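Order-wise, the sequence lines are chains A and H.
Residues 24 to 244 in our numbering are what the first sequence lists, from first letter to last.
Residues 24 to 244 in our numbering are what the second sequence lists, from first letter to last.
Ideal placement from N, C-alpha and C gives every residue a C-beta, glycine not left out.
Predicted, not measured: the structure shown is a model, and the values here were computed from it.
Down below is the structure, laid out as structure tokens.
Number of protein chains: 2
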Amino acid sequence: MVMTDAIAYLGPRLKEIRSKTGLSLREIARQLKVSPSFVSQIENGKSQPSVATLYALAKLLSVPVDVLFEPAGDPVAASIKSQDIDEVDRSNFDRPTEVWDISRARISAVNPNNRSIITMDSGVSWERLAATSEESVNFMEIIYAPGAETNKSGEMIFHNGFEYGYALEGELELTIGDLVLQLSAGHSMGFDSSIPHRFRNTSSGTFRGIWFVHGCSVPHS
Amino acid sequence: MVMTDAIAYLGPRLKEIRSKTGLSLREIARQLKVSPSFVSQIENGKSQPSVATLYALAKLLSVPVDVLFEPAGDPVAASIKSQDIDEVDRSNFDRPTEVWDISRARISAVNPNNRSIITMDSGVSWERLAATSEESVNFMEIIYAPGAETNKSGEMIFHNGFEYGYALEGELELTIGDLVLQLSAGHSMGFDSSIPHRFRNTSSGTFRGIWFVHGCSVPHS
DNA sequence: GCAGATGTTCTCTACTAGTTAACACTAGGT
DNA sequence: ACCTAGTGTTAACTAGTAGAGAACATCTGC
Chain A
24 MVMTDAIAYL GPRLKEIRSK TGLSLREIAR QLKVSPSFVS QIENGKSQPS
74 VATLYALAKL LSVPVDVLFE PAGDPVAASI KSQDIDEVDR SNFDRPTEVW
124 DISRARISAV NPNNRSIITM DSGVSWERLA ATSEESVNFM EIIYAPGAET
174 NKSGEMIFHN GFEYGYALEG ELELTIGDLV LQLSAGHSMG FDSSIPHRFR
224 NTSSGTFRGI WFVHGCSVPH S
Chain H
24 MVMTDAIAYL GPRLKEIRSK TGLSLREIAR QLKVSPSFVS QIENGKSQPS
74 VATLYALAKL LSVPVDVLFE PAGDPVAASI KSQDIDEVDR SNFDRPTEVW
124 DISRARISAV NPNNRSIITM DSGVSWERLA ATSEESVNFM EIIYAPGAET
174 NKSGEMIFHN GFEYGYALEG ELELTIGDLV LQLSAGHSMG FDSSIPHRFR
224 NTSSGTFRGI WFVHGCSVPH S
């Protein structure tokens with residue numbers, strides 16, 4: 024068994040993640056209700072936390088516990104850039120981190136009650152359905168409130184990659200290039216995202232769909 | 024937030040997962056190199072492990088550390104013990120990969136009544152949800168009849184690329200590497216397809232799910 | 001009956017999680 | 001310069017617990 028002392032990663036990894044949040048060591052200590060010196064000792068591998076504080080630590084930094092065992096230095100790539108994002112719903116998390124996620128597992132299973140959620144301005148939100156080590160791939164459930172649209176200014180957007188969708192419930196009007204099509208429950212589609220497009224929920228009910236965006240490394244231009 | 028002492032879940036949860044593996048408490052203890060009594064104490068919440076043993080425990084049961092903090096009784100993962108997956112034979116064409124992939128449209132919309140369907144002998148079928156110009160991408164609805172499995176021989180398969188899935192209805196048991204997890208309606212997951220895997224519908228109802236297989240350009244070689 | 005599994009609950013201690021204190025820096029403000 | 005008030009680090013110490021060991025009470029199957 025490989026059995027690299029994954030707990031040895033813990034200190035550096037922790038320090039790395041903390042620094043990304045911009046929180047000071049003392050601030051962490053205060054929220055955890057432990058002494059600052061102890062946090063330092065943990066980060067430098069001079070001491071180890073108990074499971075309780077480990078868990079609290081993960082919660083505080085809003086990362087799954089597992090990522091604390093990964094070697095430091097793993098890229099923390101946000102798959103979605105912040106330009107279109109007003110607000111990150113962190114009802115389940117206490118701390119701002121990168122928009123979506125640090126984890127880079129080869130296997131990722133997501134419980135519907137425990138998804139990362141991004142809330143867009145106009146009644147649009149995305150819930151991440153899986154987080155694998157693949158970059159430029161987003162697998163998510165998208166939700167359009169009645170009247171909500173991709174871009175309230177009415178402009179079309181385009182980007183590299185392809186986009187695929189399956190409608191779970193409700194209706195969504197897709198404008199792709201000069202084509203307009205209505206996506207209703209059970210219907211599905213896919214298209215080249217470099218074609219200018221816009222979505223809008225013209226119905227009176229919420230739209231929910233499974234979405235797959237792929238090859239979208241640079242969301243704009 | 025609920026913020027119940029999630030570490031309180033740890034004991035029962037651990038017991039639950041262990042029982043699923045069929046491993047005895049003493050066997051666990053032996054492999055962890057701790058005393059059986061201590062494992063018992065942990066499971067009954069009378070004591071707590073150190074981070075090191077916690078991590079070793081998760082590794083041993085081949086579950087991500089996080090699931091040990093989930094309340095016992097449900098969510099995601101069960102597991103089996105770590106046997107080496109030595110040799111996997113990818114016999115007949117079992118993957119959706121190169122089956123389709125002829126189309127060249129930049130936009131593709133599919134009506135549920137009008138899908139291309141491939142039916143496998145063993146109660147498994149795939150319905151194409153979109154057909155764009157992208158090669159090595161398959162977006163489909165998969166259907167597993169009760170008792171159906173990926174490969175009736177029980178062998179695992181693997182191939183390049185990644186695979187993502189969302190469960191619409193029913194239950195599907197996924198075996199990915201040495202990890203076994205149950206996918207039920209609303210749950211989702213993704214994984215590196217190069218990990219040997221097998222799916223099986225162990226329930227009495229039909230399973231339906233949205234599936235996305237991608238990057239599987241060279242399924243064999 | 002015995003031999004071998006299983007999990008549980010005591011008692012006990014070596015060790016460590018976590019503290020307090022003082023340490024050495026920075027950057028600003030007066 | 002001389003203060004704060006912030007940052008992280010390291011010693012010395014200790015109260016508490018991680019974990020061991022043994023004896024316990026089951027169940028099998030022979």
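query: Name the chain A residues whose beta carbon is nearer than 8 angstroms to that of H182 of chain H?; result: Ordered by position in chain A, no residue passes the 8 angstroms Cβ test against H182 of chain H, which lies about 14 angstroms from the chain.
query: Any idea what DSSP makes of S60 of chain A, helix, strand or coil?; result: helix
query: Answer yes or no: do M212 of chain A and L197 of chain A have a C-beta to C-beta separation smaller than 8 angstroms?; result: yes
query: Short of 8 angstroms Cβ to Cβ, which residues in the stretch 200–216 of chain H face chain A?; result: G200, L202, L204, L206, G209, H210, S211, M212, G213, F214 and D215
query: Give me the Cα-Cα distance between F214 of chain H and G188 of chain H, rounded to the nearest whole angstrom.; result: 9 angstroms
query: How long is the line joining the alpha carbons of E172 of chain A and R223 of chain A, rounded to whole angstroms?; result: 4 angstroms
query: Excluding the 5 residues flanking V147 of chain A on each side, which residues of the same chain have their C-beta closer than 6 angstroms to its C-beta?; result: Y167 and A171
query: What is the DSSP secondary structure of S73 of chain H, reduced to helix, strand or coil?; result: strand
query: One question on the structure: do V74 of chain A and L77 of chain H come within less than 8 angstroms of each other, judged by their Cβ atoms?; result: yes
query: Taking any Cβ of chain H, which residues in the stretch 158–175 of chain A have a Cβ under 8 angstroms from it, in chain order?; result: V160, F162 and E164
query: Give a yes or no on whether the C-beta atoms belonging to Q54 of chain A and L83 of chain A are separated by under 8 angstroms.; result: yes
query: Give the straight-line distance between the Cα atoms of Y32 of chain H and S227 of chain A, rounded to the nearest whole angstrom.; result: 42 angstroms
query: In this structure, how does DSSP classify V88 of chain H when only helix, strand and coil are distinguished?; result: helix
query: Any beta carbon from chain H within less than 8 angstroms of L152 of chain A's own beta carbon?; result: yes
query: Taking 8 angstroms as the CB-CB limit, is A75 of chain H close to chain A?; result: yes
query: Run through DSSP, which three-state label would S42 of chain H get?; result: helix
query: Determine the burial state of V203 of chain A: buried for a count of at least 16 other Cβ atoms within 10 Å of its Cβ, exposed for fewer.; result: exposed
query: Whose C-beta lies closer than 7 angstroms to the C-beta of P59 of chain A among residues of the same chain, with five residues either side of it excluded?; result: L48, R49 and A52
query: Locate the beta strand (DSSP E) running through A52 of chain H, then write down its first and last residues.; result: No beta strand (DSSP E) contains A52 of chain H, which is instead part of the alpha helix (DSSP H) from L48 to L55.
query: DSSP on D218 of chain H, reduced to helix/strand/coil?; result: This sequence places Ile at residue 218 of chain H; Asp is not what is there. Here I218 of chain H sits in coil by DSSP.
query: What residue does the beta strand (DSSP E) around G232 of chain A start on, and which one ends it?; result: F230 to H237
query: For F235 of chain A and chain H, any beta-carbon pair shorter than 8 angstroms?; result: yes
query: If contacts are defined as beta-carbon pairs under 8 angstroms, then H237 of chain H and M179 of chain H qualify, I think. What distance do you get, rounded to the angstrom?; result: At roughly 20 angstroms, the Cβ-Cβ gap does not stay under 8 angstroms, so H237 of chain H and M179 of chain H are not in contact.
query: Expressed to the nearest angstrom, what Euclidean distance is found between the alpha-carbon atoms of T225 of chain A and I199 of chain A?; result: 16 angstroms
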